[in-house]
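Residue numbers (this note's numbering): 369 to 458.
Structure record follows, encoded as structure tokens.
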Amino acid sequence: MQLMDALFNWLQIKVVWDARPADRSAKDTVEFFAQMLREDHGVEVTGVTLEGDHYLVQFEKDGQTSEQRFEREAVEQLLSFIESEPKFNQ
């Protein structure tokens, strides 16, 4: 998996977990993607901020700090899907 895809997937499920802190599956998936980022890409996420219609992910790789923007609508699609499915809200 490419770095930007892994960052996006991590961010998408982190948004779900932030909105649903009791969701054990979301927590486990956040941890899975964080481990993938560390082990496969040498990346440690250092922060996430919401700036208007974008999320900004700050991370370190090889001692360098970088940022990546992701469209808010795309990031929040998974949360919207989960919230609209009755089987996930019982």
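C-beta atoms are modelled at their ideal positions from N, C-alpha and C, and glycine is treated no differently.
Computed from a prediction, not measured in an experiment: that's the story for all the values here.
Residue range of the unbroken beta strand (DSSP E) whose run includes residue i
i       : result
Gln-436 : 432–439
Glu-453 : Here Glu-453 belongs to no beta strand (DSSP E), and DSSP marks it neither H nor E.
Beta-carbon proximity check, residue i vs residue j, cutoff 7 Å
i       : j       : result
His-409 : Leu-371 : yes
Leu-447 : Ala-387 : yes
Glu-412 : Glu-428 : yes
Gln-436 : Val-425 : yes
Span of the alpha helix (DSSP H) around residue i
i       : result
Glu-407 : 392–409
Asp-386 : 371–387
Residue(s) in a DSSP beta bridge with residue i
i       : result
Glu-444 : DSSP, once it has assigned bridges, lists no residue as partnering Glu-444.
Lys-429 : Val-411, Gln-432
Tell me, please, whether the stretch 416–430 touches the stretch 371–387 by the rule of three or more beta-carbon pairs shorter than 8 Å. Taking a cut-off of 8 Å for Cβ pairs, the stretch 416–430 and the stretch 371–387 touch, as three or more such pairs fall below it.
Contact between the stretch 371–379 and the stretch 400–410 (3+ Cβ pairs under 8 Å): As far as the Cβ criterion goes, the stretch 371–379 touches the stretch 400–410, which means the pair count is three or higher.
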